[in-house]
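Trainee:
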Amino acid sequence: MISESLKNKIDHEYLKKHLKSLDLYRRAKRVFARGVTHDSRYFEPMPIYCVRAKGSRKWDVDGNEYIDYWMGHGALILGHAHPIVTKAAIEQVRKGTHLGASHELEIQWAEKVTCLIPCAREGLVEFTSSGTEATMMAIRIARAYTGKKFIIKFMSHFHGWFDYTLIDYNPRYSSLLLGDYPVGIPPEVCQYTIALLPNDIESVERVIEGGNVACVILEPGGASMGLIPVAKGFLENLRKITKDNGVILIFDEVVTGFRDAPGGAQERYGVIPDLSTLGKILAGGFPGGAVVGKRECLSLLEFKAEGRRIAHPGTFNANPLSAAAGNACLGLILEGRVHPSINFKGEMLRRGLNDVIEDNRVDALVWGTTPSIIYVGFGLSPEDLNVSDIESYIRFQKKREESQKITRIIEKELINKGVHPMGSRFILSIAHTRKDIETTIERFNEALRELKSEGILRG
Ligand SMILES: Cc1ncc(COP(=O)(O)O)c(C=O)c1O
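Counting from 1, one number per residue, gives the positions in the sequence shown under the working numbering.
1. Quickly, what does DSSP pair Ser276 with across the bridge? List them, please.
2. Residues in the same chain with beta-carbon distance under 6 angstroms from Asp163, minus the five sequence neighbours each way, listed in chain order, please.
3. Which residues in the same chain as Met1 place their Cβ atom closer than 8 angstroms to its Cβ, once the five residues preceding and following it in sequence are excluded?
4. Can you check the region 370-424 for any beta strand (DSSP E) of at least 3 residues that lies completely inside it and give the ranges in chain order?
5. Any heavy atom of ligand 1 closer than 8 angstroms to the Cβ of Val85?
6. Could you please give the first and the last residue of the uninterrupted beta strand (DSSP E) stretch that includes Glu65?
7. Around the Cβ of Thr461, are there at least 16 other Cβ atoms within 10 angstroms (buried) or fewer (exposed)?
8. Could you check which residue in Asn327, Asp436, Ala305 has the C-alpha nearest to that of Ala88?
9. Excluding sequence positions up to five away, which residues of its chain have a Cβ less than 6 angstroms from the Cβ of Thr369?
10. By Cβ distance below 8 angstroms, which residues in the same chain neighbour Ile67 in space, the five residues on each side in sequence not counted?
11. State the beta-bridge partners of Cys215 as determined by DSSP.
12. Going by DSSP, name the residue or residues bridged to Gly55.
13. Would you say Ile201 and Ile152 are within 9 angstroms of each other, going by their C-beta atoms?
14. Am I right that Leu116 and Phe258 are in contact with their C-beta atoms under 8 angstroms? What's the rounded C-beta distance?
15. Starting from the C-beta of Glu205, find all residues in its chain whose C-beta is less than 7 angstroms away, skip the five residues before and the five after it, and write them out in chain order.
16. Given that a residue counts as buried once 16 or more other Cβ atoms are within 10 Å of its Cβ, and exposed if not, what is Leu99?
17. Quick one: residues in its chain with C-beta nearer than 6 angstroms to the C-beta of Val255, no 5 flanking neighbours on either side, listed in chain order?
18. Quick one: what's Cys50 bridged to in DSSP?
19. Which stretch, first to last residue, makes up the alpha helix (DSSP H) that contains Thr146?
20. Would you say the beta carbon of Trp161 is closer than 8 angstroms to some non-hydrogen atom of ligand 1?
21. With DSSP run on the structure shown, which of helix, strand or coil describes Val362?
22. Taking the Cβ atom as the reference point for each residue, do Leu15 and Pro45 lie within a distance shorter than 9 angstroms?
23. Could you give the residue range of the alpha helix (DSSP H) that holds Gly328?
24. Should Gln92 be labelled buried (16 or more other beta-carbon atoms within 10 Å of its own) or exposed?
25. For Leu6, does the three-state DSSP call read helix, strand or coil?
26. Specify the secondary structure class of Val271 as computed by DSSP and reduced to three states.
27. Based on Cα-Cα distance, which residue from Lys17, Lys280, Leu300 lies nearest to Thr128?
28. Can you tell which of Pro187, Gly210, Ala231, Tyr192 has its C-alpha closest to the C-alpha of Pro198?
29. Helix, strand or coil: which one does DSSP assign to Glu126?
30. Run the proximity test for Val31: is its beta-carbon closer than 8 angstroms to any non-hydrogen atom belonging to ligand 1?
31. Using CA coordinates, which residue listed in Ile141, Phe396, Ile410 is at the minimum distance from Ile310?
32. Who are the near neighbours of Glu296 in its chain, counting only those whose CB is closer than 6 angstroms to its CB and skipping five residues on each side?
33. Going by beta carbon distance, what residues of the same chain come within less than 8 angstroms of Asn343, once the five residues before and after it are set aside?
34. Could you give the DSSP three-state label for Ala195: helix, strand or coil?
35. What three-state label does DSSP hand Asp530 in the structure shown?
36. Cβ of Asp252 within 8 angstroms of any heavy atom in ligand 1?
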């Protein structure tokens with residue numbers, strides 16, 4: 001039972017501090033069905049409306065300042081409005097945002113990607129306009145290349161919002177376990193997608209033995225940005241089974257690409273997929289995505305691949321603005337200073353949050369497989385993260401749901417205190433300073449104390 005008095009106090013303060021946001025939300029609700037433009041930006045009673053951002057900070061319409069841990073949904077590894085990326089983008093705006101022609105920047109951008117991402121080194125690159133489009137294209141390539149139909153994905157792994165892989169990404173929306181198809185997607189469309197439990201290698205083997213499997217797709221750092229970790233050895237086992245059976249292995253590195261390491265999770269874990277999808281950091285904070293990987297697979301986009309050719313139009317594919325920003329961002333990553341810095345900051349925040357939890361003796365856990373993406377959960381233990389069968393999966397989901405009741409209060413209290421986490425998640429950039437991280441830890445400590453004093457948090 002959550003203490004109403006504290007909740008009311010936090011809600012009251014939130015409303016008082018965000019009156020202009022409230023006005024905007026009232027207007028937004030007249031034009032947007034859910035008042036927001038991305039599911040994850042939904043917030044009760046209304047979200048904050050921001051007007052500008054710089055480095056690790058952003059400011060809302062009411063003049064409140066925040067240390068930002070959304071970081072463009074993970075796209076802004078360099079922080080907001082990094083001067084080098086901004087300069088490249090502004091120069092390109094002056095030269096034209098869409099040339100309706102090929103341009104050198106797209107080649108330079110692809111060359112940088114092939115330098116950084118291991119599976120692209122001897123391979124090819126295909127740009128798209130978003131991460132969703134990239135995973136859609138990767139699956140099409142895998143099906144065209146193998147001539148097979150089935151896709152294996154894992155529950156709670158997210159690959160964008162298109163039809164084939166939305167199944168079982170969030171038990172709130174659809175769960176084949178419960179015979180529950182996503183609304184608006186005909187069961188016939190879902191029939192070739194097999195959603196398996198995370199880390200369940202035996203089921204992967206069994207399904208592949210059944211035949212007709214084109215690909216296995218997963219977030220190599222774990223479901224939903226590392227929320228449910230990938231078990232040790234799982235990637236290696238997947239690589240072996242897929243290779244032995246002519247099944248395409250796709251790493252969805254839309255989040256982990258250029259973040260877990262310069263070469264993404266595949267570099268970090270030393271397991272190289274056939275294809276990989278990229279987005280977010282790829283375009284330096286602008287819209288963009290890519291499929292990269294084996295030459296013989298991506299060659300199906302060649303015009304001479306007669307009869308088997310995959311078409312790929314797309315007005316904003318490799319648009320000059322994203323290419324300019326992406327080139328600038330990847331150029332800095334190639335220089336080698338981004339990762340030591342961001343990983344250090346991730347470790348500092350992780351340690352600080354852990355210390356606060358220990359000092360307050362509350363039943364909470366700090367985790368996250370990606371060094372610079374950190375989760376906080378309440379009532380969860382490290383064992384709960386070992387998900388590999390139905391019992392452990394359901395236990396994790398239930399505990400997480402309970403935990404969310406507390407993290408939602410903490411999130412609002414942190415916003416009141418000038419820190420904007422992405423729900424229970426903190427996404428770092430190199431722009432976060434030592435002071436930002438210390439302040440975040442202090443604010444988190446204050447929020448924990450308040451909840452503890454109200455008996456909301458147990459030791
Ligand atoms: C792992 C993963 N794949 C794909 C996507 C979809 O990318 P986009 O939002 O650019 O369409 C996301 C988005 O968060 C993601 O986290």
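Built from N, CA and C at the ideal position, the CB exists for glycine as well.
Mentor: Looking at the atomic coordinates:
1. Position 276 of the sequence shown, counted from the start, is the residue given in the question as residue 276. Its beta-bridge partners are Phe251, Val292.
2. Residue numbering aside, residue 163 sits at position 163 when the sequence shown is read from its first letter. Excluding positions up to five away in sequence, the list reads Ile185, Val189.
3. By one-based count along the sequence shown, residue 1 stands at place 1. Because the pLDDT of Met1 is 49, which lies under 50, any placement of that residue in the model is unreliable, and the number read from its coordinates should be weighed accordingly. Excluding positions up to five away in sequence, the list is empty.
4. 373-378
5. In the sequence shown, residue 85 corresponds to position 85, counting from 1. It does not: the Cβ of Val85 is nowhere closer than 8 angstroms to a heavy atom of ligand 1.
6. The residue you call residue 65 lines up with position 65 of the sequence shown. Glu65 -> beta strand (DSSP E) spans 65-68.
7. Because the chain is modelled from 1 through 459, residue 461 falls outside the range shown and cannot be assessed.
8. Here the question's residue 88 lines up with position 88 in the sequence shown. Measuring from the Cα of Ala88, the nearest candidate turns out to be Asn327.
9. Position 369 of the sequence shown, counted from the start, is the residue given in the question as residue 369. If we look at Thr369 and ignore the five residues flanking it on each side, its Cβ neighbours are Gly221, Gly222, Gly226, Pro229.
10. Within the sequence shown, the letter at position 67 stands for residue 67. For Ile67, the CB contacts under 8 angstroms within the same chain, skipping 5 residues up- and downstream, are Ser56, Arg57, Gly418, Val419, His420, His432, Asp436, Thr439, Thr440 in chain order.
11. If you number the sequence shown from 1, residue 215 lands on position 215. Beta-bridge analysis with DSSP links Cys215 to Ile151, Ile248.
12. Mapped onto the sequence shown, residue 55 falls at position 55. Bridge partners of Gly55: His80.
13. Within the sequence shown, numbered from 1, the residue matching residue 201 stands at position 201. Within the sequence shown, numbered from 1, the residue matching residue 152 stands at position 152. No. Outside cutoff.
14. As a position in the sequence shown, residue 116 is number 116, starting the count at 1. As a position in the sequence shown, residue 258 is number 258, starting the count at 1. About 7 angstroms separates the two Cβ atoms, so the contact holds.
15. The count along the sequence shown starts at 1 and reaches residue 205 at position 205. Result list for Glu205: Ile241, in chain order.
16. As a working note, residue 99 is residue 99 in the sequence shown. Burial call: exposed.
17. Indexing the sequence shown from 1 puts residue 255 at position 255. Once the five neighbours on either side are set aside, the close Cβ partners of Val255 are Gly74, Met225.
18. Position 50 of the sequence shown, counting from 1, holds the residue named residue 50. Cys50 is bridged to Asp60.
19. Position 146 of the sequence shown, counted from the start, is the residue given in the question as residue 146. Start and end: 131-146.
20. Here residue 161 is taken as the residue at index 161 of the sequence shown, counted from 1. Under cutoff, so the answer is yes.
21. In the sequence shown, counting from the first residue as 1, residue 362 sits at position 362. Three-state DSSP puts Val362 in coil, outside helix and strand.
22. Taking the sequence shown and counting its residues from 1, one reaches residue 15 at position 15. Taking the sequence shown and counting its residues from 1, one reaches residue 45 at position 45. Yes, the Cβ-Cβ distance between Leu15 and Pro45 is below 9 angstroms.
23. The sequence position of residue 328 within the sequence shown is 328, counting from 1. In the sequence under discussion, the amino acid at residue 328 is Ala, which differs from the Gly named in the question. Here the alpha helix (DSSP H) through Ala328 covers 320-335.
24. As a working mapping, residue 92 is identified with position 92 in the sequence shown. Burial call: buried.
25. The residue you call residue 6 lines up with position 6 of the sequence shown. Correct three-state label for Leu6: helix.
26. In the sequence shown, residue 271 corresponds to position 271, counting from 1. Coil, per DSSP.
27. Stepping through the sequence shown from its first residue, residue 128 is reached at position 128. The shortest C-alpha separation from Thr128 is found at Lys280.
28. Walking along the sequence shown from the start, residue 198 turns up at place 198. Nearest C-alpha to Pro198: Ala231.
29. In the sequence shown, the residue the question calls residue 126 occupies position 126. Strand, per DSSP.
30. On the sequence shown, residue 31 is found 31 positions in, with the first residue counted as 1. Flag unset: Cβ of Val31 not near ligand 1.
31. The residue labelled residue 310 in the question sits at position 310 within the sequence shown. Of the listed residues, the one whose Cα sits closest to Ile310 is Ile141.
32. Counting from 1 along the sequence shown, the entry for residue 296 is found at position 296. So no residue of the chain qualifies.
33. Translated into the one-based positions of the sequence shown, residue 343 becomes position 343. Residues of the same chain with a CB within less than 8 angstroms of the CB of Asn343, apart from the 5 flanking positions on each side, are Pro371, Ser372 in chain order.
34. Counted from its first residue, the sequence shown places residue 195 at position 195. Of the three classes helix, strand and coil, the one that applies to Ala195 here is strand, per DSSP.
35. Residue coverage of the chain in this structure runs from 1 to 459, which leaves residue 530 outside it and unanswerable.
36. Looking up residue 252 in the sequence shown gives position 252. Asp252: yes, Cβ under 8 angstroms from ligand 1.
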